[in-house]
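Read through the structure below, which is laid out as structure tokens, and then see the notes.
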Amino acid sequence: MAQDSGSIEALLHEDRTFPPSEEFKKQANISDPNIYEEALKDPEAFWAKFADELDWIKKWDKVLQWDPPHAQWFVGGKLNVSYNCIDRHLTSARRNKAAIIWEGEPGDRQVYTYWDLYREVCRFANGLKSLGVKKGDRITIYLPMIPELPIAMLACARIGAPHSVVFGGFSAEAIRDRLNDSQSKILITADGGYRRGNIIQLKQNADESLDGAPSVEKMIVVRRTGHADENMVDGRDIWWHDLVEGQPLTCEPEPMDSEDMLYLLYTSGTTGKPKGIVHTTGGYLVGTYATTKWIFDLKEDDVYWCTADIGWVTGHSYIVYGPLANGATTVMYEGSPDWPDRDRFWAIIAKYGITICYTAPTAIRTFMRWGEEYPERHDLTSLRLLGTVGEPINPEAWVWYWKNIGGGRCPVVDTWWQTETGMVLITPLPGITTLKPGSATRAFPGIEAEVVDESGAPVGPGAGGYLVIKRPWPAMLRTLYGDPDRYVEQYWARYPDIYFTADGAKIDEDGYFWLLGRVDDVINVSAHRISTMEVESALVDNSKVAEAACIGRTDEIKGQAIVAFVTLKDHVTGSEEIVAELKRHVTTKIGAMARPDEIYFTGELPKTRSGKIMRRLLRDIAEGRTLGDTTTLADPAVVQALMEQYGEEE
Ligand code: PRX
114 MAQDSGSIEA LLHEDRTFPP SEEFKKQANI SDPNIYEEAL KDPEAFWAKF
164 ADELDWIKKW DKVLQWDPPH AQWFVGGKLN VSYNCIDRHL TSARRNKAAI
214 IWEGEPGDRQ VYTYWDLYRE VCRFANGLKS LGVKKGDRIT IYLPMIPELP
264 IAMLACARIG APHSVVFGGF SAEAIRDRLN DSQSKILITA DGGYRRGNII
314 QLKQNADESL DGAPSVEKMI VVRRTGHADE NMVDGRDIWW HDLVEGQPLT
364 CEPEPMDSED MLYLLYTSGT TGKPKGIVHT TGGYLVGTYA TTKWIFDLKE
414 DDVYWCTADI GWVTGHSYIV YGPLANGATT VMYEGSPDWP DRDRFWAIIA
464 KYGITICYTA PTAIRTFMRW GEEYPERHDL TSLRLLGTVG EPINPEAWVW
514 YWKNIGGGRC PVVDTWWQTE TGMVLITPLP GITTLKPGSA TRAFPGIEAE
564 VVDESGAPVG PGAGGYLVIK RPWPAMLRTL YGDPDRYVEQ YWARYPDIYF
614 TADGAKIDED GYFWLLGRVD DVINVSAHRI STMEVESALV DNSKVAEAAC
664 IGRTDEIKGQ AIVAFVTLKD HVTGSEEIVA ELKRHVTTKI GAMARPDEIY
714 FTGELPKTRS GKIMRRLLRD IAEGRTLGDT TTLADPAVVQ ALMEQYGEEE
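In terms of the numbering used here, the sequence shown is numbered consecutively and its last residue is 763.
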């Protein structure tokens, strides 16, 4: 039967490809496919060209020093990231251009021109200095999505104090661990933030986190909600507005070495303890600048919106540093997409005439479920480019986004990268790449990615394997904070001198990459990265729990959902109350995003004869799959019992 070629059904039943339109190509920042070959011939020259577009206090002597697995980029160069993101735009008409357009959840709005941003960053940087902050001191930032967050980051960058941003959804304990690991001197927070009409109690969490974090001398508090003025602690807490009052409006940017630390950002790995990813100055700025410019095809009059939270790396690289280094207008929204109604994102796009929108597949799947009536309420014709990040996107969601948000007119760039990579590494270039829904397509020019088997040999087209990166890239992590051995072990031990991503992937006959998810014990819940070990340690921390094992189960909306299998101590019997208690416990230990969706009690966990928990079997049980190999199992009856229980409760 003939199908209407414009319908979703038709799109889904064919292997459609989406070449760039002539119109898009003509105006694209980069449209010459030879760039791939050229860049790989001399990657250092390729990156140096971008570096030349930035402002250096002193030019580098050497582009790359590679002593595997340690890279230094733009060796000997001196620059300041805040200068590059702000001051260098002040000498042209960009001075009066909106740098940040911010909208609060209740509907309040602030616009910072580059000149405004300059003044606010300088004032706050001077405020930090007045508290004794010096180059190299670490500063933890625990703020909602308000303008003070990028202002604080840029002020830190201006004076050379590395920041460590902790996502506002983390609990007091999680903040404390990060404060102690980074030995932060200052904690910056707000009294609260708005989310789905409620106030998030940030100050309360921040207060609790300081109980047992002796390195912190001062807490700076932004008054956002005004609901907790009485909670200020004399001698320790300072209001942001008091600190900046009367501060000079200029602050000399600190000359930073290319390899000085710009920030650290904690992320989940395979152990219970989060890793402090270290990003440095020169290479990180060049990498985020270049990728923002080419992948988002950024132009002077674009209004660019990345919907991520700055608490994650996406916000660092693609709300703050990449866009501002390009002199772009970057939009920030504080709250939830369904407040006051499910059309909030589309209302924002229409209101500010947003031209580029970058979001996560989990959000797109949620919008799909809510239905087309919400985007249909608004004029989305300002959009010209769409992006996704954080997890694999299913072709159905890709096509929905392309059709219902992009009006069938906007290329969709599916960008693969990690906290560790600092910048996007696998992505389409919208003026060059023929898109395939569900594929992140090709490595960015200058990046050499490969899919290999256990032995490190490249797998052929269609076969699955491990995604690796074969050359250093400018924004790569330099080490793990305070744990250089783990850096080597985690990323460089499996294949000599090659970066191990811990992602599975396949390459198709056109050389396109298809990401298949993590191959380690990291779960991706709504594009948030959570370690199974972290959730397990939080569970066994509860006095009723003897043992716990967590796995990620496929979830239609969230990508993955957390399922926990728990063995209780002898005298305790499982009940609904204990399920609720354990969920609360994980929320307190880590944060709500790590709360298990389902908890199952079991007399025993399936283990190998050597005592290792067989998570693979638990995954099979949770997914309702036929069981994989159980021959190494110590007691097959355990699995049988679990399967029966799981089957009953579903
Ligand atoms: O599994 C990959 C997945 O997210 C992981 C990195 O998570 P995080 O460090 O929190 O950074 C997220 C934002 C960059 C990766 O190891 N991932 C990220 N982007 C994609 C993706 N999986 C498939 N397709 C993507 N576009």
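Heads up, the beta-carbon is just placed ideally off N, CA and C, and yes, glycines get one too.
* Per DSSP, what kind of secondary structure is Met756 in: helix, strand or coil? -> helix
* Span separating the alpha-carbon of Ser134 from that of Glu567 -> 40 Å
* Hey, is Pro550 close to the ligand PRX, as in C-beta under 7 Å from one of its heavy atoms? -> no
* Evaluate the contact criterion for the region 478 to 490 versus the region 512 to 524: three or more CB pairs, one atom per stretch, below 8 Å. => yes
* To do: Would you check whether the ligand PRX has a heavy atom nearer than 7 Å to the C-beta of Arg642?
  => yes
* To do: May I have the straight-line CA-CA distance separating Gly245 from Tyr434, to the nearest angstrom?
  => 25 Å
* Could you tell me which residues DSSP pairs with Thr393 in its beta bridges? => Met374
* Asked: How long is the line joining the alpha carbons of Pro585 and Ala184, rounded to whole angstroms?
  -> 7 Å
* Within the same chain, show all residues whose beta-carbon is closer than 7 Å to that of Arg295, passing over the 5 residues directly before and after it, in chain order. => Reading off the sequence, residue 295 comes out as Ser, not Arg. Around Ser295: Arg251, Thr253, Ser277, Leu377, Gly389 and Tyr594.
* **For Gln116, three-class secondary structure by DSSP** => The predicted position of Gln116 is uncertain, since its pLDDT is 38 and thus under 50; a value taken from the coordinates is nonetheless stated next. If DSSP states are grouped into helix, strand and coil, Gln116 belongs with coil.
* Euclidean distance between Cα positions of Lys175 and Asn311 -> 52 Å
* Pick helix, strand or coil for His276, following the three-state DSSP scheme. => strand
* To do: Tell me, to the nearest whole angstrom, how far the beta carbon of Trp513 is from that of Met481; I am working on the premise that it is less than 8 Å.
  => 5 Å
* Bridge partners - His340, DSSP secondary structure assignment -> His340 is not bridged to any residue.
* Can you name, in chain order, every residue of its own chain whose Cβ lies under 6 Å from the Cβ of Thr700, other than the five neighbours on each side? -> Arg708
* Asked: Alpha carbon to alpha carbon, how far is Pro132 from Trp418?
  -> 24 Å
* Where in the region 126 to 188 do unbroken runs of the alpha helix (DSSP H), each at least 4 residues long, occur, reported from the N-terminal end onward? -> 135 to 140, 148 to 154 and 156 to 165
* To do: Tell me, to the nearest whole angstrom, how far the beta carbon of Glu233 is from that of Tyr307; I am working on the premise that it is less than 8 Å.
  => That belief does not hold up - the Cβ atoms of Glu233 and Tyr307 are roughly 21 Å apart, past 8 Å.
* Contiguous alpha helix (DSSP H) assignments of at least 4 residues, all confined to the region 201 to 264 -> 227 to 243
* Check whether the Cβ of Gly577 sits closer than 7 Å to any heavy atom of the ligand PRX, and report yes or no. => no
* For Ile214, which of Arg337, Phe163 and Ile467 has the nearest alpha-carbon? -> Ile467
* 6 Å CB neighbourhood of Pro578 in its chain, flanking five on each side removed -> For clarity, residue 578 is Gly in the given sequence; the question names Pro instead. Contacts found: Val564, Val565, Asp566 and Val572.
* Anticipated Cβ contact below 8 Å, Glu261 with Trp353, distance rounded -> 6 Å
* **Continuous beta strand (DSSP E) assignments of at least 3 residues falling wholly in the region 670 to 728** => 672 to 681 and 711 to 714
* To do: Would you mind reading off the limits of the alpha helix (DSSP H) that contains Lys316?
  => Leu315 to Ser322
* Please name the residue, chosen from Gly448, Ala211 and Asn439, that lies closest to Asp221 on a Cα-to-Cα basis. => Gly448
* Does the region 437 to 445 come close enough to the region 472 to 479 that 3 or more CB-CB pairs lie under 8 Å? -> no
* Would the C-beta of Arg607 count as close to the ligand PRX, meaning under 7 Å from any of its heavy atoms? -> no
* So what does DSSP say about Thr435, is it helix, strand or coil? -> The question names Thr, yet the displayed sequence has Gly at residue 435. If DSSP states are grouped into helix, strand and coil, Gly435 belongs with the helices.
* So, helix, strand or coil for Val502, using DSSP? -> strand
* To do: Leaving aside the five residues before and after Glu504 along the sequence, list all residues of the same chain whose C-beta is less than 6 Å from its C-beta, in chain order.
  => Pro474, Asn637, Ala640 and Gly672
* Asked: Under three-state DSSP, which class holds Asp668?
  -> strand
* To do: With DSSP as the reference, label Ile462 as helix, strand or coil.
  => helix
* Residue from Arg289, Asn439, Gly535 and Pro508 with nearest C-alpha to Glu669 -> Pro508
* Work out the CA separation of Gly382 and Ser644 for me, nearest whole Å. => 6 Å
* Close beta carbons around Ala553, own chain, < 7 Å, minus the five adjacent residues each side -> Asp527, Thr528, Trp529, Ile539, Thr540, Phe626 and Leu628
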